Amino acid sequence: MAGYADGGRRGVGPARNRGEQRTRNTMSNGTHDEQQQTAEASAVVRALLLALDAYLPGAAARGEHVSVLTVSTLERLGASDAELAIARQAGALHDIGKLSVRREVLLKPAPLTAKELTEVREHVRYGSALLASIPQVAASAPLVLRQYEHWAGTGFPDGLKETEIPLGARALSVSLAFVAMTAARPWREALGEEEAIAQIREDAGRSFDPQVVEAFLAVQPLIQPVAL
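Using my numbering, the letters of the sequence shown map in sequence onto residues 176 to 403.
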């Protein structure tokens, strides 16, 4: 019996070791796949930003600033790692649809006509469709589509309101508004940070989710500004 028992124990050891090795190999392969997917997605984002920056100089830096603010806001709100990864892409690429808008319209040093404004607003549909067609960044498409929806339902393209708007898009909306207001444009000077923050506070409950605004205001002072 002793020999049987000892032999049984000796037989279990190698089998267990082989099972543990297979588990380690599976985990290693999974980690490698995730790293490869992340690297591929980063390469796609960089390529798209290079194209956008060539068409609209400064867009890449603005995208980086928006991305950092959006992710930091969502972290404050307890978003998951997966949600943060999607928001990071959406923030960086939020303006990618402007590749579809004429440069003379984007850089016009005067108020836009109604026709031109419609052309500019369509960039969210073009941008989201473009991203949806690229597997590495497709998950960010809904946030890019909804970045100008308003908490009160007065935004575009579909007039969604409150929690009909994805949380990531609500955070993106506040972040891009801040970056847009504090950057100079051909038709206006930049606002100071205090002025921009005052405007965001005023628009909480109308354009912006009040809870998202609170989270944004908590993290914004901690973010180093990006040179635009």
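From the three backbone atoms N, C-alpha and C, an ideal C-beta is built for every residue, glycine too. Note that the structure is a prediction, hence the values are computed from the model and not measured.
Figure out for me which residue from 326, 328 and 332 has the closest Cα to the Cα of residue 317.
-> Considering only 326, 328 and 332, the residue with the shortest C-alpha distance to residue 317 is 332.
CA-to-CA distance, residue 391 to residue 312, given in whole angstroms = Looking at the two C-alpha atoms, the distance is approximately 24 Å.
Answer with buried or exposed for residue 207, where buried requires no fewer than 16 other C-beta atoms within 10 angstroms of its C-beta.
-> With a 10 Å radius around the Cβ and a threshold of 16 neighbouring Cβ atoms, residue 207 comes out exposed.
What's the C-alpha gap between residue 229 and residue 223?
-> Between residue 229 and residue 223, the C-alpha separation is close to 10 Å.
Examine the Cβ distances between the stretch 283-293 and the stretch 232-243 and report whether three or more of them are shorter than 8 Å.
-> Look at the beta carbons and you see the stretch 283-293 not touching the stretch 232-243: under three pairs across the two are nearer than 8 Å.
Starting from the C-beta of residue 300, find all residues in its chain whose C-beta is less than 8 Å away, skip the five residues before and the five after it, and write them out in chain order.
-> Short of 8 Å from the beta carbon of residue 300, and not among the five residues preceding or following it, lie these beta carbons of its own chain, in chain order: 272, 320 and 332.
Contact between the stretch 339-356 and the stretch 241-260: three or more CB pairs below 8 Å?
-> Between the stretch 339-356 and the stretch 241-260, the count of C-beta pairs closer than 8 Å reaches three or more; the two stretches touch.
Looking only at C-alpha atoms, which of 370, 325, 357 and 360 sits nearest to residue 385?
-> If we check each option's Cα against that of residue 385, 325 comes out closest.
In this structure, does DSSP put residue 381 in helix, strand or coil?
-> If DSSP states are grouped into helix, strand and coil, residue 381 belongs with coil.
Given residue 364, which residues of its chain have a CB within under 8 Å of its CB, disregarding the five upstream and five downstream residues?
-> Here the set comprises nothing.
So, residue 394 versus residue 263, is the Cβ gap smaller than 7 Å?
-> For residue 394 and residue 263, no; Cβs fall outside 7 Å.
Test item: CB-CB of residue 347 and residue 265 under 7 Å = Taking a C-beta distance under 7 Å as the contact criterion, residue 347 and residue 265 qualify as a contact pair.
Check each candidate in 275, 248, 302 and 307 and name the one with the smallest Cα separation from residue 398.
-> When each option's Cα is compared against that of residue 398, the closest is 248.
Compare the beta carbon distance of residue 381 and residue 327 with 7 Å and say whether it is the shorter of the two.
-> Against a cut-off of 7 Å, the Cβ pair of residue 327 and residue 381 comes out as a contact.
From residue 373 to residue 211, what distance separates their C-alpha atoms?
-> Cα to Cα, the separation comes out at about 43 Å.
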